[in-house]
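S.K.: Provided herewith is a single structure, encoded as structure tokens, for subsequent inquiry.
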Amino acid sequence: MERLPPNMECTIIGVTGNKAYNNDIYIGSTSDDPWNTRTKLVVVEPENGFKYIGTMIVTPGPPVPWSNMITRGMNIKGFAYTWSYVHPVAEPTYLEAEGVTFAEFGDLLLRSCANVHEAIELILSIPRAFHGNFLLADAEGNLALVEVSTQSVYVAVLTKDGYVVRTNHWISPIMAPKDGVPDEFTNSSTWVRYTRALELLEKVYIGRIHVEDLMQIFSDTKTYEEWGYGICAGINSKKGGTVSSEIMEPKRLIFWYAYGWPCGVKPLWPEQLHQNMSWGVYLPFYLPELPPGEYVTTDGQLTPLAIEYLKKHLDIKEPGSLS
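Next up, the structure:
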């Protein structure tokens with residue numbers, strides 16, 4: 016069985032407490048998919064549950080397993096999450112398991128959980144037809160990395176002072192054998208992105224990490240020349256790579272969103288659908304001021320809701336314009 020479907024190359028990072036600027040907390044990620052799969056930014060206010068903002072996956076088909084899932088998000092309580100795909104080989108995958116699906120889980124997590132501890136309890140309590148690395152954060156500064164499979168769950172990190180990086184593998188002694196990492200990790204895309212992100216955090220930014228630093232990390236392409244892989248993934252890939260990037264500030268309820276690849280380079284191939292519309296910048300969205308609805312379309316256009324909000328804060332004057 017193939018361990019990792021092609022072009023599933025998300026990189027997730029969390030920083031909190033004494034490792035962050037001013038003892039703050041941040042989590043973020045790149046969202047990587049086939050080029051025909053896109054993301055849109057939405058605000059949801061359920062009848063029973065917490066209002067939240069998040070990135071929804073939209074795919075024309077054949078769908079990715081997480082189609083229609085809110086794959087990154089933050090709710091009004093300051094609970095935030097993101098994730099990266101990991102493909103189990105020693106347990107049933109989403110195809111064989113019965114339980115909460117990828118698409119159901121994102122909404123359930125954000126509308127139900129006020130903090131990291133509630134999110135961990137939820138993950139442990141439900142039947143799971145989803146799997147991956149789940150990065151959780153809250154306004155109290157709690158940061159957790161939970162390695163989740165259909166039959167097993169392991170809380171690999173739970174801290175108020177620290178940082179964590181994951182790509183598309185499990186690395187704990189308990190979970191790593193379940194996705195074949197010992198045989199396939201070294202020199203793979205997931206290894207290159209993992210070690211590069213750690214290098215940037217540990218040698219360049221550690222102890223003073225801020226939103227702008229995470230933006231630079233998620234835009235990094237330095238490893239392409241040597242390895243052919245980068246955190247801002249897919250520059251040389253015809254099949255897929257980074258289709259959006261998100262950074263969340265749970266204490267401030269700010270959700271930063273960049274459509275397309277954040278490195279902002281021009282696409283090299285016609286197969287790199289929609290990447291010519293990549294913003295190359297992140298825009299901030301303050302959840303308490305946002306009514307429910309769609310804010311960024313699947314082709315990267317700002318909607319009237321987004322314009323109405325952003326024109327109060329940025330020099331954006333008309334729908335679809337970043338100038």
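Numbering (my numbering), first residue to last: 16 to 338.
Note that beta-carbon positions come from the ideal geometry of N, C-alpha and C, so glycine has one too.
Given this structure, state the Cα-to-Cα distance separating glutamate 214 from threonine 313, to the nearest angstrom.
M.R.: The alpha-carbon atoms of glutamate 214 and threonine 313 are separated by roughly 33 angstroms.
S.K.: Quick one, which of Leu317, Ile269 and Pro307 has its alpha-carbon nearest phenylalanine 356's?
M.R.: With the chain covering only 16 through 338, there is no way to say anything about residue 356.
S.K.: So does the region 305–321 actually touch the region 51–63, counting three or more Cβ pairs closer than 8 angstroms?
M.R.: Enough Cβ pairs lie closer than 8 angstroms, so yes.
S.K.: With DSSP as the reference, label tyrosine 36 as helix, strand or coil.
M.R.: The answer is helix: DSSP assigns tyrosine 36 an H, G or I state.
S.K.: Quick check for students: name the residue ranges of the alpha helix (DSSP H) that lie wholly in the region 35–119, counting only runs of 4 or more.
M.R.: Counting whole runs of 4 or more residues, the region 35–119 contains no alpha helix (DSSP H) stretch at all.
S.K.: What number of angstroms, rounded off, separates the C-alpha of glutamate 136 from the C-alpha of arginine 143?
M.R.: When rounded, the distance between both Cα atoms is 13 angstroms.
S.K.: So who's on the other strand from phenylalanine 270, going by DSSP bridges?
M.R.: DSSP lists Met263 and Phe300 as partners of phenylalanine 270.
S.K.: On the premise that glycine 147 lies in contact with valine 101, defined as a C-beta separation below 8 angstroms, what is that separation, rounded to the nearest angstrom?
M.R.: Rounded, the Cβ-Cβ distance is 5 angstroms, consistent with contact.
S.K.: If you drop the 5 nearest sequence neighbours on each side, which residues of the same chain put their C-beta closer than 6 angstroms to that of leucine 19?
M.R.: In this prediction, leucine 19 scores a pLDDT of 43, lower than 50, which makes its location untrustworthy; the coordinate-derived value is nonetheless stated afterwards. Cβ within range, chain order: His102 and Asn183.
S.K.: Give me the DSSP bridge partner(s) of isoleucine 224.
M.R.: According to DSSP, which records beta bridges pairwise, isoleucine 224 is partnered with Ala35.
S.K.: Run the CB neighbour count on tyrosine 324, radius 10 Å, all protein chains shown included, and call it buried at 16 or more, exposed below.
M.R.: Tyrosine 324 is buried by the Cβ-count criterion.
S.K.: Going by C-alpha distance, which of Thr108, Tyr96 and Ser140 is nearest aspartate 122?
M.R.: Measuring from the Cα of aspartate 122, the nearest candidate turns out to be Tyr96.
S.K.: Per DSSP, what kind of secondary structure is valine 131 in: helix, strand or coil?
M.R.: Note: valine 131 maps to helix in three-state DSSP.
S.K.: DSSP beta-bridge partners for asparagine 148?
M.R.: In the DSSP output, where bridge partners are listed per residue, asparagine 148 has Ser99 and Glu162.
S.K.: Sorted by chain position, which residues of the same chain lie with C-beta nearer than 7 angstroms to leucine 124's C-beta, five sequence neighbours on each side aside?
M.R.: These residues qualify, in order along the chain: Tyr96, Ala134 and Leu137.
S.K.: Less than 8 angstroms between CB atoms is the rule here; does tyrosine 301 satisfy it with respect to chain C?
M.R.: This model lacks chain C altogether, as it is built from one protein chain only.
S.K.: Quick check: what's the CA-CA separation for tryptophan 81 versus glutamate 304?
M.R.: For tryptophan 81 and glutamate 304, the distance between alpha carbons rounds to 28 angstroms.
S.K.: Helix, strand or coil for tyrosine 324, going by three-state DSSP, please let me know.
M.R.: In the structure shown, tyrosine 324 sits in a helix (DSSP, three-state: H, G or I).
S.K.: Throw me the rounded Cβ distance for the isoleucine 28 and leucine 173 pair, which I believe falls under 8 angstroms.
M.R.: About 16 angstroms; that fails the 8 angstroms criterion.
S.K.: Going by DSSP, what residue range makes up the alpha helix (DSSP H) through threonine 205?
M.R.: Element bounds for threonine 205: 204–214.
S.K.: Evaluate glycine 255 with the Cβ neighbour count: other Cβ atoms within 10 Å of its Cβ, from every protein chain shown; 16 or more gives buried, anything less gives exposed.
M.R.: Classification for glycine 255: buried.
S.K.: Which partner residues does threonine 257 have in the DSSP bridge list?
M.R.: DSSP, once it has assigned bridges, lists Asp47 as partnering threonine 257.
S.K.: In whole angstroms, what separates the C-alpha of lysine 327 from that of glutamate 309?
M.R.: One C-alpha to the other measures close to 18 angstroms.
S.K.: Locate the alpha helix (DSSP H) running through glutamate 241, then write down its first and last residues.
M.R.: Element bounds for glutamate 241: 239–242.
S.K.: Measuring straight from C-alpha to C-alpha, what distance separates glycine 295 and methionine 190?
M.R.: If I take the Cα positions, the gap works out to 35 angstroms.
S.K.: In three-state terms, what does DSSP make of tyrosine 171?
M.R.: The displayed chain sequence assigns alanine, not tyrosine, to residue 171. Three-state DSSP puts alanine 171 in a strand.
S.K.: For asparagine 37, is the classification buried or exposed, using 16 other Cβ atoms within 10 angstroms of its Cβ as the cut-off for buried?
M.R.: Exposed, because fewer than 16 other Cβ atoms sit within 10 Å of the Cβ of asparagine 37.
S.K.: Could you round the C-beta distance between isoleucine 262 and valine 207 to whole angstroms and report it? I think they count as a contact, below 8 angstroms.
M.R.: The Cβ separation is near 21 angstroms, so there is no contact.
S.K.: What three-state label does DSSP hand tryptophan 284 in the structure shown?
M.R.: Coil at tryptophan 284, not helix or strand.
S.K.: Measure the C-alpha to C-alpha separation of proline 75 and asparagine 51 and round it to an integer number of angstroms.
M.R.: Going by the C-alpha atoms only, they are around 7 angstroms apart.
S.K.: Could you give the DSSP three-state label for leucine 317: helix, strand or coil?
M.R.: Strand at leucine 317.
S.K.: Below 8 angstroms on the Cβ atoms is my contact criterion, and I expect serine 259 with tyrosine 239 to pass it. Report the Cβ-Cβ distance as a whole number of Å.
M.R.: Serine 259 to tyrosine 239, Cβ: 19 angstroms. No contact.
S.K.: Since glycine 69 and alanine 154 should fall inside the 8 angstroms C-beta cutoff, what is the C-beta to C-beta distance between them, to a whole number of angstroms?
M.R.: Contact flag wrong, Cβ pair sits at about 17 angstroms.
S.K.: Which residue marks the beginning of the beta strand (DSSP E) containing glutamate 309, and which one marks its end?
M.R.: Start and end: 308–311.
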